[in-house]
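*Asks:* The structure that follows is given in the form of structure tokens.
In UniProt numbering, the protein residues as written are 1 to 217.
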């Protein structure tokens with residue numbers, strides 16, 4: 001991954017994050033398909049504060065526990081445009097940790113197909129075609145804008161996580177034939193989630209959507 005600094009729009013209009021799942025880390029968990037948060041189009045972060053920094057740290061910890069390389073905010077049921085990344089999946093490699101706040105992919109070049117997976121769909125994998133190289137702009141936790149030009153795994157991971165923020169899953173980008181092959185696994189995820197809702201572990205879809213709306217900045 002290589003980078004150049006760039007000017008992007010400033011963050012203005014402070015807002016306060018909900019205390020539900022934001023400042024109390026013990027309530028944060030990686031949600032699994034078909035949790036409604038995974039289809040929620042996230043809203044831009046308006047300001048960076050202590051609670052947001054705490055949330056980012058907890059997201060990294062959850063990502064490492066799951067042996068992942070990236071995690072988007074709506075994967076922990078937070079409707080904000082933010083994701084974290086460490087391509088080495090190693091908590092000891094702090095210099096490899098990247099935080100992308102309000103990311104925007106401004107240029108795409110070429111294409112490549114490779115296998116992807118998702119922490120919200122454990123043990124499900126499939127080939128996805130994406131741009132081979134991208135240019136992305138975002139903010140870091142210091143509030144400064146930056147720009148990255150990346151290819152290979154970094155390019156794929158950033159596109160995957162940015163899709164999450166728009167409510168798009170990697171399975172949506174698989175070919176129709178490949179999608180049919182994984183349909184049984186998706187059905188299993190759906191059956192498990194509905195059972196968990198019946199058991200009271202999760203609210204109804206309508207209640208979850210209401211909670212997401214209330215947390216939207």
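Here a beta-carbon is modelled for each residue, glycine too, at the ideal position from N, C-alpha and C.
For residue 142, which three-state DSSP category applies?
*Replies:* Here residue 142 refers to the residue found at position 142 of the chain shown. Residue state, collapsed to three classes: coil.
*Asks:* For the beta strand (DSSP E) containing residue 90, list its first residue and its last residue.
*Replies:* On the chain shown, residue 90 is found 90 positions in, with the first residue counted as 1. Careful: residue 90 lies outside any beta strand (DSSP E) and carries neither H nor E.
*Asks:* Helix, strand or coil: which one does DSSP assign to residue 119?
*Replies:* As a first step, residue 119 must be located in the chain shown, where it is residue number 119. Coil.
*Asks:* Buried or exposed for residue 158, please, with buried defined as at least 16 other CB atoms from any protein chain shown within 10 angstroms of its CB.
*Replies:* Start at 1 with the first residue of the chain shown, and residue 158 comes out as number 158. When all chains shown are included, residue 158 counts as buried.
*Asks:* What do you reckon, are the CB atoms on residue 71 and residue 119 nearer than 8 Å?
*Replies:* By 1-based counting over the chain shown, the position of residue 71 is 71. By 1-based counting over the chain shown, the position of residue 119 is 119. Contact: yes.
*Asks:* For residue 105, which of 28, 31, 132 and 89 has the nearest alpha-carbon?
*Replies:* Taking the chain shown and counting its residues from 1, the one referred to as residue 105 is at position 105. Nearest of 28, 31, 132 and 89 to residue 105, Cα basis: 132.
*Asks:* How far does the alpha helix (DSSP H) with residue 189 in it extend, from its first residue to its last?
*Replies:* Here residue 189 is taken as the residue at index 189 of the chain shown, counted from 1. Its alpha helix (DSSP H) spans residues 176-198.
*Asks:* What is the DSSP secondary structure of residue 4, reduced to helix, strand or coil?
*Replies:* For the purposes of this step, residue 4 is identified with residue 4 of the chain shown, where counting begins at 1. Legend: pLDDT at residue 4 = 34, less than 50; position of this residue unreliable, value from coordinates given subsequently. It is a strand residue.
*Asks:* What does a CB cutoff of less than 6 Å around residue 136 pick up in its chain, not counting 5 residues either side in sequence?
*Replies:* Here residue 136 refers to the residue found at position 136 of the chain shown. Cβ within range, chain order: 103, 105, 148 and 158.
*Asks:* When burial is assigned at 16 or more other CB atoms within 10 Å of the CB, is residue 42 buried or exposed?
*Replies:* Here residue 42 is taken as the residue at index 42 of the chain shown, counted from 1. Buried, because 16 or more other Cβ atoms sit within 10 Å of the Cβ of residue 42.
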